[in-house]
Structures are given as C-alpha cells and as structure tokens.
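Below is one structure, written out as structure tokens; the observations come after it.
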Amino acid sequence: MLRDRFAGSARISFTAHYTGYVWHRHHWSPKGFDTGLGHLAYLGLAPINRMTRQLYGFDLETLLLQRHALIDHLLTGIAGEVGPIQVLELAAGLSPRGYRLLQSPQLDIRQYVEVDLPEMAARKRRLIDRLPGRHPRILTADLFPQGGGNPLEQLSLGQFDSNLPLVCISEGLINYFDLDAVQRLWRQIAALTLSFPRVDYLSDLFEQPPNRPGHRLMTLGRSLLSLAVRGRVHLHFENDEQAQSALLANGFGRAALLDPATAGPIEQMPASDAPSLVRVIHAQA
Ligand SMILES: C[S@@+](CC[C@H](N)C(=O)[O-])C[C@H]1O[C@@H](n2cnc3c(N)ncnc32)[C@H](O)[C@@H]1O
Numbered sequence: 007m008l009r010d011r012f013a014g015s016a017r018i019s020f021t022a023h024y025t026g027y028v029w030h031r032h033h034w035s036p037k038g039f040d041t042g043l044g045h046l047a048y049l050g051l052a053p054i055n056r057m058t059r060q061l062y063g064f065d066l067e068t069l070l071l072q073r074h075a076l077i078d079h080l081l082t083g084i085a086g087e088v089g090p091i092q093v094l095e096l097a098a099g100l101s102p103r104g105y106r107l108l109q110s111p112q113l114d115i116r117q118y119v120e121v122d123l124p125e126m127a128a129r130k131r132r133l134i135d136r137l138p139g140r141h142p143r144i145l146t147a148d149l150f151p152q153g154g155g156n157p158l159e160q161l162s163l164g165q166f167d168s169n170l171p172l173v174c175i176s177e178g179l180i181n182y183f184d185l186d187a188v189q190r191l192w193r194q195i196a197a198l199t200l201s202f203p204r205v206d207y208l209s210d211l212f213e214q215p216p217n218r219p220g221h222r223l224m225t226l227g228r229s230l231l232s233l234a235v236r237g238r239v240h241l242h243f244e245n246d247e248q249a250q251s252a253l254l255a256n257g258f259g260r261a262a263l264l265d266p267a268t269a270g271p272i273e274q275m276p277a278s279d280a281p282s283l284v285r286v287i288h289a290q291a
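Using the numbering used here, the first residue of the sequence shown is number 7, and each one after it goes up by one.
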C-alpha cells in the first residue's frame, strides 16, 4: 500500500518534465533540463494551448512562465529586503531556479536546498553535477509521508543556519494533494518560524471560482491534468479570501494571494490578455 501511494506521488513527476521543457524553451535553464518526455508532453499539449490562446487569451505555457517570474520576483525582493537568505524549494523537479539564482552576484543566498522524490532528485543531481558554478543541494524526501511525521523539520534543522531567514517555495505541488495534506504541510512550513528569525512561503495555487469566466476552462484543465497524472487534481478554494483564511488558520501571520497577470511589470514575465487563473501565495509566518 505504501508502494502504491508512493507510486501515486511519483506520477506527478511527469509534470516536472513538461515544466522543464518550457523552462528550457524560453532559455531559463541550461541544456539537459529539457527531457524527451518533456518535449513529447509539450507537443501533445500544443493544440490545447493554441485553442485556449484563441478562446481565452492565454495558455498553459504563459500561465506557467507568469507564476515562475512572479515567484522569482518575490524571492529576489525578499533577499533585497532582508539581506542574506536561505531557500528550501520543495518538489523542485527540473526547476533551474536554484542553479540560476546561485550564479547571481547580486543575491546573497547562503544555502539553497531542493527536495523531491528519489528518482527525480537523482536525475536532477546528474544534470546539475555537469554544470559549473555554485550548485543547490538536492535532497530526497516524501513531503506527504503516509505515517505522518514532519519531513520539513528534519530537512531544515540539518541543512540551514538558524540565524538567517528562510524562504520556502512550493510550485506545482499543492493542487495534487487533498486539503488535509496541504494544510498539514502549511502548518509544518509555518512552524519553521520556531527555528528561523523569519520564514516566507511562496507557492502557486489554482482556485476554482464558481460561475465566473474561466470556470469551464478550469474544469476542462483539471480533467485533462487528472488524466495525465492518473490521479485527482484538487482545487481547494473558490476564491482568494478562502485561501487566505486557510493560510492564516494554519499558522501564517500574513498571507497575500497575488494575480501574476496584474502584478505589474516584472522581468521576463510574458503578458496575457486575460486575468490569470493561477495565484501566487506570499505568506509569512
Ligand atoms: C509540477 S512538478 C514541479 C515543477 C517544479 N516546481 C518546477 O518549477 O519546474 C511536481 C514535482 O513534485 C514532486 N513530488 C510529487 N509528490 C511528491 C512528494 N510526495 N514529495 C516530494 N516531491 C513530490 C514530483 O516528483 C515533481 O518533481
């Protein structure tokens, strides 16, 4: 049963290949982060992207790049505000963020730790090992262990300096798990404030606003993605207020839900003609 559940989580790894391919296509990541599987997924989704672009003014690729550009923007903003930081990127997949930001002379990132399931972490290590410069540390953990427990406590206490602020990122993770599991993870992230002077949390979040433009598209997108990952995709909240209340109820002192499409001019952020269906959470414990 444990193996089944783990296999369930591993199916989600498939989506990291698509994202990895998009990163590479837009020159956000080095060669090798684009896998054959990612290319295949990209080609398979191209007709859907074309259709949503024509009908709704945006596509999956733009949604993806917009939220990542906003997460980068918020992360660099926090670094500018507080000075030296440490970063824990959960379910990092083939994200080049850690590697890319560690090469920036403007940012004082003392430690960058990425976490993923064993197979994805091993693949990422192989890719990163060939690259010059500073590398993120890549660790293995199941963030939703069957028997409970707090993987974040173990990860953070062993890897980081407790005198420096910590930024925790999760992208492309939250909507694959049910509300109980997500709230447990949020409580664990918020509890890191007991160990660090400041904890910021950045994440994407898909909501499902009822009877509003985009509702039918979200339903279609959810069904397609559920099919692709052979598991349920969860849209836990109907609006920003519900999501914000849940973050506050689970240990965060402040929580904002940001719409990437209206977040203002941001470097590398592609424009779209419609409000985004995705939000970026910036919460502080
Ligand atoms: C959509 S991908 C993430 C993409 C990545 N954030 C990026 O920016 O390219 C989802 C990731 O979650 C990881 N994942 C799924 N279940 C997990 C779990 N229980 N614990 C840790 N990682 C998990 C998958 O292996 C996969 O790499």
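C-beta: ideal position from N, C-alpha, C; glycine also. Since the structure is predicted, the reported quantities are computational estimates derived from the model, not experimental observations.
In this structure, DSSP gives Gln-189 a helical state, which the three-state scheme calls helix. About 25 Å separates the Cβ atoms of Gly-63 and Gly-44, ruling out a contact at the 8 Å cut-off. Within the stretch 139-175, complete beta strand (DSSP E) segments of at least 3 residues are found at 143-146, given in chain order. Assigned with DSSP and collapsed to three states, His-30 falls in helix. Scanning its chain for C-beta atoms nearer than 8 Å, with the 5 sequence neighbours on each side dropped, one finds around Leu-108 the residues Ile-115, Tyr-118, Gly-139, Arg-140, His-141, Pro-142, in chain order.
Around Ser-201, the same chain offers Ser-168 as residues with beta carbons nearer than 6 Å, after the five sequence neighbours per side are excluded.
Three or more pairs of CB atoms, one per stretch, sit closer than 8 Å, so the stretch 278-289 contacts the stretch 48-65. In the assembly as shown, Glu-87 is an exposed residue. Its beta-carbon has fewer than 16 other beta-carbons within 10 Å. In this structure, the C-beta of Phe-212 stays at least 7 Å away from each heavy atom of ligand 1. For the 8 Å CB-CB criterion, Arg-31 and Asp-210 do not form a contact.
Ala-75 has its CB no nearer than 7 Å to any heavy atom of ligand 1.
For the 8 Å CB-CB criterion, Leu-133 and Phe-39 form a contact.
Separation of Val-239 and Val-173 (C-alpha to C-alpha, rounded to the nearest whole angstrom) is 26 Å.
A Cβ-Cβ distance of about 4 Å is found for the pair Leu-96 and Ser-176, placing them in contact under the 8 Å criterion. Secondary structure of Phe-243 (DSSP, three-state): coil. Secondary structure within the stretch 53-127: the beta strand (DSSP E) runs of 3 or more consecutive residues, fully enclosed, are 91-96, 115-122 (chain order).
CA-to-CA, the gap between Pro-203 and Leu-69 works out to about 33 Å. Relative to ligand 1, the nearest heavy atom lies less than 7 Å away from the CB of Leu-149. Not one heavy atom of ligand 1 is found less than 7 Å from the C-beta of Gly-104.
Counting only the Cα atoms, Ser-110 lies some 16 Å from Gln-274. Under the three-pair Cβ rule at 8 Å, the stretch 282-291 counts as touching the stretch 256-265. A Cβ-Cβ distance of about 7 Å is found for the pair Ala-252 and Gln-189, placing them in contact under the 8 Å criterion.
Cβ atoms of Asn-245 and Pro-215 come within 8 Å of each other, at about 6 Å. With respect to Glu-120, Ile-91 sits apart: the two C-beta atoms are not nearer than 8 Å.
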